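Colleague: Residue numbering for the sequence shown follows my numbering, beginning at -17 and increasing consecutively.
Here it is, the structure in full.
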Amino acid sequence: MPFKTPSFWYKSANWQALLLSPLSALYAVGHKLNVSFQKPYKSNVPVICIGNIVMGGSGKTPTVLALLDLITEQNIAKNPVILTRGYGGSTTKATIVDPAIHTYHDVGDEALLLVKHAQVIVSPDRKEGAQKAEEIGADLILMDDGLQNNTLYKDINLLVVDGANPFGNGFVFPAGPLREPKSCALKRCDAVISINEQVNLDKILFSANIQSDSTHLDADKNYVAFAGLGRPEKFKTTLEDLGFKISCWHPFADHHPYTKEDLEDLDTHAVKHNATLITTSKDHVRLPDPYQHTTQVLPITLSFDNSAALASFLKERLSS
């Protein structure tokens, strides 16, 4: 179900957060009990989990792809497979993603992005997903999300944070964006990957930066921008920082399924302003074919500041 991030989640303590804090306490207790009753399955294939602590975007998907490249380049694995839940998709069993037959309605938008780079298994049940990876000869599982899921044993837990605002107002859902108390997540993670700005945490820290590739875009055009992300305003800010002229801005909820009415409305604004539609890579895979051809995309990539140190860390942990 698409979810729109409340603005008060990323403001200092306020009345909305304080009002909801009793529910947050109950949510945190429920999460702790749920995790404590889960018995993790230990795969015979090593598992690296790339997770986050906040609901919404923290840069996890580009981090998975950058790690995939690093693992391949450094010969850490020959046949890495990405395991993801398939949020937004209807698939209920462990499924090997095939872009020729699957749509985002089946496997979710993130899976369709990831499968362009590696084999991807979608499975709401992470144990079944890991077993499917074993069947197809994976020698490493990259678990996209799942830091809060204890049904699969992880050899390495990596916590991804947006260094500019890593924990929002510091409250657990629904008073804030945290999926669990910060102390619990930090206790379980082996290292932190901080994007764009460094955070001050008592953990092994690797810094990374996200870059946008705008070389294929015409800077003289007007654009009608739209995005359905956890924090869609970050996309708008990126476009403005790159100097693009944004005639209209349309934020949607995370994983929003674009309707005919949504697209007709966007088209109307594009015609009115003599502008071109532009969105994110993740939103683009949720568009019907005609709009995929006419809507521009601003791709992003992530690079590690010290990839050699990260590669050494991964090799050491996997060999221990």
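Even for Gly, the Cβ is constructed at its ideal location relative to N, Cα and C.
Treat the numbers as computed from the prediction; the structure is a model and nothing was measured.
#1: Assuming tyrosine 205 is part of the beta strand (DSSP E), what are its boundary residues?
#2: Can you tell which of Thr258, Leu160, Gln101 and Asp244 has the C-alpha that lies nearest to the C-alpha of leucine 122?
#3: Which residue comes first and which comes last in the alpha helix (DSSP H) that contains serine 165?
#4: Could you check the C-alpha separation between glutamate 222 and serine 6 for me, to the nearest Å?
#5: According to DSSP, leucine 65 sits in a beta bridge with which residue or residues?
#6: Excluding the 5 residues preceding and the 5 following alanine 257 in the sequence, name in chain order all residues of the same chain whose CB lies nearer than 6 Å to its CB.
#7: Who does histidine 266 pair with in a DSSP beta bridge?
#8: Apply the 10 Å Cβ neighbour rule to glycine 119 and answer buried if 16 or more other Cβ atoms are within range, or exposed otherwise.
#9: According to DSSP, is glutamate 173 part of a helix, a strand, or is it coil?
#10: Can you tell which of Gln20, His232, Asn57 and Asn182 has its C-alpha closest to the C-alpha of aspartate 247?
#11: Beta carbon of leucine 134, beta carbon of proline 28: below 7 Å?
#12: When DSSP labels each residue in this structure, what does threonine 85 get in the three-state scheme?
#13: As a quick exercise: from Lys(-14), Glu298, Val46 and Leu124, pick the residue whose alpha carbon is nearest that of valine 63.
#14: What separation, rounded to the nearest whole angstrom, lies between the Cα atoms of valine 97 and glutamine 278?
#15: Would the beta-carbon of isoleucine 32 fall within 7 Å of that of valine 17?
#16: What three-state label does DSSP hand glutamine 274 in the structure shown?
#17: Using a Cβ-Cβ cut-off of 6 Å (strictly less than) and excluding sequence neighbours within five positions of phenylalanine 304, which residues of its own chain qualify?
#18: Alpha carbon to alpha carbon, how far is tryptophan -3 from aspartate 51? Give it in angstroms, no decimals.
#19: Excluding sequence positions up to five away, which residues of its chain have a Cβ less than 7 Å from the Cβ of asparagine 131?
#20: What is the residue span of the alpha helix (DSSP H) that alanine 112 lies within?
#21: For phenylalanine 216, which residues of its own chain have a beta-carbon under 8 Å away from its beta-carbon, when the five flanking residues on both sides are left out?
Modeller: Straight from the coordinates:
#1: Boundaries of the beta strand (DSSP E) harbouring tyrosine 205: 204 to 210, taken from the DSSP string.
#2: Here the closest residue by C-alpha is Gln101.
#3: 164 to 170
#4: Between the alpha carbons of glutamate 222 and serine 6 lies a gap of roughly 35 Å.
#5: In DSSP, leucine 65 forms a bridge with Ile103 and Met125.
#6: Asn204, Tyr205, Val206 and Ser229
#7: DSSP lists no partner for histidine 266.
#8: It is exposed - the Cβ of glycine 119 has fewer than 16 other Cβ atoms within 10 Å.
#9: For the sequence presented, residue 173 should be read as alanine rather than glutamate. Of the three classes helix, strand and coil, the one that applies to alanine 173 here is strand, per DSSP.
#10: In terms of Cα proximity to aspartate 247, the closest of Gln20, His232, Asn57 and Asn182 is His232.
#11: no
#12: coil
#13: Leu124
#14: 20 Å
#15: Not closer than 7 Å, so no.
#16: Three-state result, glutamine 274: helix.
#17: For residue 304 there is no data in the structure shown, the boundaries of the chain being -17 and 302.
#18: 44 Å
#19: Arg108
#20: 108 to 117
#21: Per the sequence shown, the amino acid found at residue 216 is lysine instead of phenylalanine. Contacts found: Gly39.
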